[in-house]
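Chains A and B supply the protein sequences, listed in that same order.
Using UniProt numbering, the first residue of the first sequence is number 1, and each one after it goes up by one.
Using UniProt numbering, the first residue of the second sequence is number 1, and each one after it goes up by one.
Even glycine gets a Cβ: it sits at the ideal position worked out from N, Cα and C.
Because the structure is a prediction, the values reported are computed rather than measured.
2 protein chains.
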Amino acid sequence: MSGYSNLRKKMKKRNIYLKTVPVAEALCLAMDALDRDGLVGMETIPAHQACGRVTAQAVHAVCSSPTFHSAAMDGYALKAESTFAAREGRPVRLAKGSQCAPVNTGHPLPEGMDGVLMIEKAVRDTDDFIELETPVFPMQHVRRIGEDIVATELLLPQNRLLSPYDVGGLLSAGIWDVPVWEQLRMTFIPTGDEVLDFTTRPSPRPGQVIESNSQVFAGLAAAQGCLFTRVDPVPDNEDALTTAVREAVNGPSHVVVIGAGSSAGSKDFSRSIIESLGQVLVHGIDLMPGKPSILGIVGGKLIVGAPGYPVSAVVCFEELLIPLLSWLSRKTPPVRQLVDVELARKIPSKLGTEELVRLAIGRVGEKLVATPLGRGAGMLTTLIRAQGVTRIPVDSEGAEAASKVRAELLVPAAELDQTLVVVGSHDNILDVLGNELMGLTRPVRIASSHVGSMGGLTALKNRSALMAGTHLFDELSGDFNFPFFRKYLPGLNVACVNLAIRHQGLIVAKGNPLGISKVEDLARPEVRFINRQRGAGTRILLDYHLRQAGISSEQVNGYDKEEFTHMAVAVNVLTGTASCGLGIFAAANALGLDFVPLARERYDLAFLPEHADWKTEVALELIRSASFKERIEKLGGYETALTGRIMEPGQGLG
Amino acid sequence: MSGYSNLRKKMKKRNIYLKTVPVAEALCLAMDALDRDGLVGMETIPAHQACGRVTAQAVHAVCSSPTFHSAAMDGYALKAESTFAAREGRPVRLAKGSQCAPVNTGHPLPEGMDGVLMIEKAVRDTDDFIELETPVFPMQHVRRIGEDIVATELLLPQNRLLSPYDVGGLLSAGIWDVPVWEQLRMTFIPTGDEVLDFTTRPSPRPGQVIESNSQVFAGLAAAQGCLFTRVDPVPDNEDALTTAVREAVNGPSHVVVIGAGSSAGSKDFSRSIIESLGQVLVHGIDLMPGKPSILGIVGGKLIVGAPGYPVSAVVCFEELLIPLLSWLSRKTPPVRQLVDVELARKIPSKLGTEELVRLAIGRVGEKLVATPLGRGAGMLTTLIRAQGVTRIPVDSEGAEAASKVRAELLVPAAELDQTLVVVGSHDNILDVLGNELMGLTRPVRIASSHVGSMGGLTALKNRSALMAGTHLFDELSGDFNFPFFRKYLPGLNVACVNLAIRHQGLIVAKGNPLGISKVEDLARPEVRFINRQRGAGTRILLDYHLRQAGISSEQVNGYDKEEFTHMAVAVNVLTGTASCGLGIFAAANALGLDFVPLARERYDLAFLPEHADWKTEVALELIRSASFKERIEKLGGYETALTGRIMEPGQGLG
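What follows is the structure, given as structure tokens:
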């Protein structure tokens, strides 16, 4: 415990240590401290291998291109003057050899000739002469010498990022070698007692995490044209880590990144190691996630302490490393395309910190709708699912639902138009649908947001989703969904297509050790239940069954513990956090759990026909296909009698 | 000559052969003919090497992440219930060990604990207990099991282009291998008797061209994630070429490109070879440049006949190959960002053909101004200089100057704001300026367009340039530029900064074989002159000196032959096309020619102070610097007494 008291003492010092600065200031501090010309040298490489590299000096043409006046067309070279009298019906005749000569495109113009007649324009063409009825003006169909490139002239300036076209220009200008800035090299040192080396293909036990940040950095670095090396993970040991950092700094890399350990905890050594070997320039940026980033300089090299959480690490790379790598390599920093999006949900934010919030974005009618993704710094999947990111300024408490915010795109803008926004209840069938839609010739990406059936209806009403997963059961009518459309979407023409009849039941541990067999068992004190969130159709179903059984929510141990998806409920059961939850068969089956059937229900996708677009059409067509039904049946726990049919009010399960 | 008659006969057949189709139709024909699944297989590769590859199947998570409930903060794990009574001033005390346990971020939550108190929130912290005054709610500061990834769930759908983030997700989900589509492979066969292999570092003689298209394609292919192989150039020999194509098709490549020979000339064998080995699908597209492109299929592989001219070849790649490579590799085809630009010059176009016109684009005030670049299919430098491209539709005769057109951007939009548009007279100093501007921390790119001094003034008037190079001499006042501002830009506040006093003179062959020493010599019949275009300051200077000498333009042999730059004039002299031209010393010097001084003149950059922006400021600052003066002096033929000074009316050369 005394180690912990030491931590506590360190904590008191933390506010002194972690003095956060705005990102722009952090970048200036690093640029001021680094000697760019000393760090990144010049080298000469073959021109044809220089694509993506940056010129270190102005490049002047060695050869002209063309090096000669040449024919720009297949035809006859001639003296333009000799054709001036030609008119329709009054041809001029030129003798082959003396007065004209055949040339193919690219051929040099014979001495004394200054024009080319296109071969089609010779009205007669014999072995001895040609005749033409249209005059040729001087230099017509002639590519002049140096028309493209003049020897000695500036071809490309310094600090030019060489494109494939530029490489073509270099070669055409007779330039075989080109002076460029060295390619940047980065070494990444993964750290932490808890991290597992992915190269060993480990099976993580509780408390262990598979190290993946290095490979995210590898990909991001490659996109910046930076060579990347990862060393073996180093445990949380100050000496071992110091050795690793010293080795990396003494190696050929211009930039060294220490993965994790950049905060101010008891095992966060990055700061003290950088201080011992060189200088800490920045510890902490005014941005969340990514706040505990470190910039330092050791032996003239840039050293970066990257946070361990994947989202924080990516922010550290994108906000700090990309501008610095661009600056070091003399490239223009990439700028993300900006679009205005309408928020499907509120983004709350704390005053006093700029926040980056990732967004799932898709086109719904005329507008782009953005769903804020979870903001946990450990949520790697938010990186996968995001099409954009928005900044909540330091002086803002966030943004309201339905308000417009500016989003920076992480994908090409065209992808947003191919994204089908589905909001509402979650079912694994949506994953099957999403996967199948990606198999189309014109693929459709699903951006789905799991907010329960009622949330889906709200999204339809607000035109913030094209389709909504819904399985709302109405006790009075015994019907699904339509009574809720009438009540919550009055006056709107809502259609719905059935995805499947699915089986809901109690998900219990393998072998059902507590012998749970009916809803009444949820009242037993030893049964720990895990519930779904308010507004979820599954929760409405639970409440109905509890009422039928005469059980109040207070009698259910864990009624107030909520998860947002069937799978999350099942995971709680798998790990023993809960002994039971209500969910679909597919979730229980996927994790090898037992399933006590409780009800059959209709899982539909609702949509507004007037607002349907090509993506809706494509999805409906796919849902109607035989192969889609087959895939659902393979999941188990579903019936496909209604799958793909447009439902009618009062239809229930029939 | 009889070979030529054969060509003539072939020409008659050409209209049958070269039946052009719209690009979209060409793509459909290729996609219909190719068996994509048969051509591009599936393979399994290590997940950490999969960035940029495309999933061939849905990928489901193997591990959950986190695999356990874990602390999201450094602090104490505890039972939330035990803290509910805590209030400010009424602390709850928890014994270490039994009631709470220290945890660092990422640690698993001990059995029975369901919340974490941040270490800062412990108001007392001894070796035996902690005290807190704020309650902890259940799961507070806890990362739940499966919060990020749930084992068995869909992680990524099929046909997903894997990002660096995705690779992180794969590894975190315990996925070590991933099924992806094979990486595309392309073989390029350069052809032509006239092409020189750049790997031999040749010196081109007249009639010869350095083969560079293969390396442009290599760079463009790499950007599409396609592996690229170039074979040695093959001469214009049908047998040799057939052998090369057969070998390439029998090799591992999915796509084979024949460079040049795709048209219908006497040495264009691509079509007949593809016909002999397989099938021609398309010969000719309804697009200029790029028209003589061929698409075919041989042994199930895509075979492309690319035109030989560099711009046509690039259009063939960008319009045909990129969509087909995207389709074959299951990627979304890249879409260029669109912007509206104002044309600085008219674009004439023929009815009946869609035309692609490359544009130099830069921001001038509120608008983006685009200068159409030369449309010669051989003008590789237009590829280098273009920031965008516009399409003139098949039914259009072009676009007027000052009209708006839609441009597809070839560079990031942000680059347009860094581009300084300079229109007007050309001088090599502009190249020096352009190169120096690229050396700044915030680099500025010059987009310069050489239309003569008068053209520059017009551009200033139309706000289609930020600065204009001008050296207009007024006979009456003996002053430069200002008399022209008053006459042609009345009412506008025009400023100008001097770049240099430059020496204009007669550029003659080395050793001055014709003994040209004064303007009167231009009237000698054996002297062939090369002139500058109308509106060029140099031409105005010539006319002044001719008048002074009493010589009429008719007396000057070659007065009507025009070039647009000093360098082009000098090249004419170098190659003997002309014996003399009026131009600047720098041009003569660069090509080792002799120079007969005729006049000193002021070369200024004119601008409108009210419309100056940061780029103007940065350029002015650079022009004032001592190092800039030094660089100009090194060129020779310039005086820098006035360089960087803002000129006054009536100042002349003093």
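Starting from the C-beta of residue i, find all residues in its chain whose C-beta is less than 7 Å away, skip the five residues before and the five after it, and write them out in chain order.
i, result
"residue 406(B)", "338, 340, 390"
"residue 214(A)", "188, 190, 230, 259"
"residue 511(B)", "594"
"residue 564(B)", "450, 533"
"residue 15(B)", "Summary for residue 15(B): the model assigns pLDDT 37, below 50, so the residue's position carries little reliability, and this model does not support an answer."
"residue 290(B)", "307, 312, 315, 316, 319"
"residue 100(B)", "76, 77, 78, 94, 130"
"residue 152(B)", "60, 61"
"residue 87(A)", "133"
"residue 145(B)", "64, 66, 67, 68, 69"
Which residues in chain B have a C-beta closer than 8 Å to the C-beta of residue i? List them in chain order.
i, result
"residue 213(A)", "168"
"residue 171(A)", "198, 210, 211, 212, 215"
"residue 380(A)", "65, 148, 149, 165, 168, 169, 172"
Please tell me whether residue i has its Cβ less than 8 Å away from any Cβ of chain A.
i, result
"residue 567(B)", "yes"
"residue 219(B)", "yes"
"residue 16(B)", "Confidence at residue 16(B) is low in this model, with a pLDDT of 42, below 50, so the placement of that residue is unreliable and no value is reported for it."
"residue 580(B)", "no"
"residue 134(B)", "no"
"residue 668(B)", "Residue 668(B) is absent from the structure shown; chain B starts at 1 and stops at 654."
"residue 51(B)", "yes"
"residue 238(B)", "no"
Determine the chain A residues that contact residue i at a beta-carbon separation under 8 Å, and present them in chain order.
i, result
"residue 32(B)", "Here the premise fails: no neighbours, minimum Cβ distance about 11 Å."
"residue 158(B)", "435, 438, 439"
"residue 623(B)", "Correct list: empty, because the minimum Cβ distance to chain A is about 16 Å."
I'd like the list of long-range same chain contacts for residue i, defined as Cβ closer than 8 Å, with 5 residues on each side in sequence excluded.
i, result
"residue 590(B)", "428, 567, 570"
"residue 351(A)", "394, 395, 396, 397"
"residue 475(A)", "544"
"residue 432(B)", "628, 631, 632, 635"
For residue i, would you say it is in contact with chain B, using Cβ-to-Cβ distances shorter than 8 Å as the test?
i, result
"residue 384(A)", "yes"
"residue 638(A)", "no"
"residue 530(A)", "no"
"residue 146(A)", "yes"
"residue 222(A)", "yes"
"residue 207(A)", "yes"
What whole-angstrom Cβ distance do residue i and residue j have, given they're in contact under 8 Å?
i, j, result
"residue 509(A)", "residue 344(A)", "Rounded, the Cβ-Cβ distance is 36 Å, inconsistent with contact."
"residue 412(A)", "residue 334(B)", "7 Å"
"residue 469(A)", "residue 424(A)", "4 Å"
"residue 587(B)", "residue 504(B)", "That belief does not hold up - the Cβ atoms of residue 587(B) and residue 504(B) are roughly 10 Å apart, past 8 Å."
"residue 240(A)", "residue 234(A)", "5 Å"
"residue 113(A)", "residue 141(A)", "That belief does not hold up - the Cβ atoms of residue 113(A) and residue 141(A) are roughly 11 Å apart, past 8 Å."
"residue 622(A)", "residue 466(A)", "Residue 622(A) to residue 466(A), Cβ: 14 Å. No contact."
Using a cut-off of 7 Å between C-beta atoms, extract the partners of residue i located in chain A.
i, result
"residue 74(B)", "265"
"residue 201(B)", "176"
"residue 337(B)", "337"
Note down, in chain order, every chain B residue with its Cβ under 7 Å from the Cβ of residue i.
i, result
"residue 590(A)", "152"
"residue 48(A)", "198, 215"
Which chain A residues are close to residue i, counting only those with a beta carbon under 9 Å from its beta carbon?
i, result
"residue 305(B)", "Result: empty, since nearest Cβ-Cβ is about 15 Å, beyond 9 Å."
Who are the near neighbours of residue i in its chain, counting only those whose CB is closer than 6 Å to its CB and skipping five residues on each side?
i, result
"residue 179(B)", "42, 44, 56, 57"
"residue 577(B)", "none"
Every unbroken beta strand (DSSP E) within the stretch 591–654 of chain B, with a cutoff of 3 residues, ordered by chain: 594–607
Ordered list of alpha helix (DSSP H) runs contained in the stretch 20–100 of chain B, each at least 4 residues: 23–33, 36–39
Whole runs of the beta strand (DSSP E) within the UniProt domain "MoaB/Mog" (187–327) of chain B, excluding any shorter than 3 residues: 227–230, 255–259, 279–283, 294–298, 301–306
Within 8 Å of chain C by C-beta, residues of the stretch 99–113 of chain A in sequence order: No chain C appears in the structure shown, which is made up of the protein chains A and B.
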